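Take 4 as the starting number for the sequence shown in this note's numbering and just add one per residue.
Every residue gets a Cβ at the ideal spot worked out from N, C-alpha and C, and that includes glycine.
It should be emphasised that the depicted structure is a prediction, and the values quoted were computed from it without experimental measurement.
Working notes, structure below.
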Amino acid sequence: MTESASGQGSLPTRERVIELRDFIHGRVYAAVALTIRVDGEPPHAPGSDLARVAEAGQALYQVTSYLCGRLLAELATGRPGPVAEASWEALISISEAWREDRDLPEGMRELMPVMPR
Numbered sequence: 004m005t006e007s008a009s010g011q012g013s014l015p016t017r018e019r020v021i022e023l024r025d026f027i028h029g030r031v032y033a034a035v036a037l038t039i040r041v042d043g044e045p046p047h048a049p050g051s052d053l054a055r056v057a058e059a060g061q062a063l064y065q066v067t068s069y070l071c072g073r074l075l076a077e078l079a080t081g082r083p084g085p086v087a088e089a090s091w092e093a094l095i096s097i098s099e100a101w102r103e104d105r106d107l108p109e110g111m112r113e114l115m116p117v118m119p120r
């Protein structure tokens with residue numbers, strides 16, 4: 004991890020961002036796999052459970068991609084600031100859903116806040 008220019012905490016390396024992005028994208032894909040249609044199959048009925056799962060998966064994929072893009076752009080400047088900090092915190096919060104996943108990238112669990120259950 005590198006120390007942020009703002010001094011508000013530590014930020015990940017580019018490789019760590021990509022590792023977490025790929026992990027989250029993999030979990031999203033696994034969750035929406037049942038909604039993938041084979042060529043020629045009709046679309047899911049609007050408002051159906053399958054359509055909602057597909058929409059939620061797509062939204063999470065897009066949000067993760069956007070946050071990672073912002074963070075990587077900030078890291079590339081060599082002087083990451085508050086945008087980088089906020090993006091990293093959001094990604095850590097998203098990954099909280101997989102806190103107990105054995106494939107969660109090493110060291111991520113320790114970055115997650117303790118959440119009451």
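Cβ-based neighbour list, residue i, same chain, cut-off 7 angstroms, excluding 5 preceding and 5 following
{"i": "R73", "result": "V86 and S90"}
{"i": "A33", "result": "none"}
{"i": "P108", "result": "E22, L23 and F26"}
{"i": "L75", "result": "R17 and V20"}
{"i": "W101", "result": "R30 and L107"}
{"i": "V35", "result": "V56, A57 and G60"}
{"i": "L70", "result": "S90, A93 and L94"}
{"i": "S9", "result": "Per-residue confidence for S9 stands at a pLDDT of 38, beneath the threshold of 50, marking its modelled position as unreliable; no derived number is given."}
{"i": "I97", "result": "I27 and T67"}
For residue i, the first and last residue of its enclosing alpha helix (DSSP H)
{"i": "T80", "result": "D52 to T80"}
{"i": "L23", "result": "R17 to V35"}
{"i": "V86", "result": "P85 to S98"}
Residue j beta carbon less than 8 angstroms from that of residue i
{"i": "A48", "j": "A57", "result": "no"}
{"i": "T67", "j": "H28", "result": "yes"}
Close Cβ partners of residue i (< 6 angstroms) along its chain, the five nearest in sequence each way excluded
{"i": "E99", "result": "M115"}
{"i": "Y63", "result": "One detail in the question is off: residue 63 reads as Leu in this sequence, not Tyr. Around L63: V31."}
Distance between beta carbons of residue j and residue i, contact taken as under 8 angstroms
{"i": "L14", "j": "P83", "result": "6 angstroms"}
Close-in-space but distant-in-sequence residues of the same chain around residue i (CB under 8 angstroms, 5 per side omitted)
{"i": "R40", "result": "P46 and H47"}
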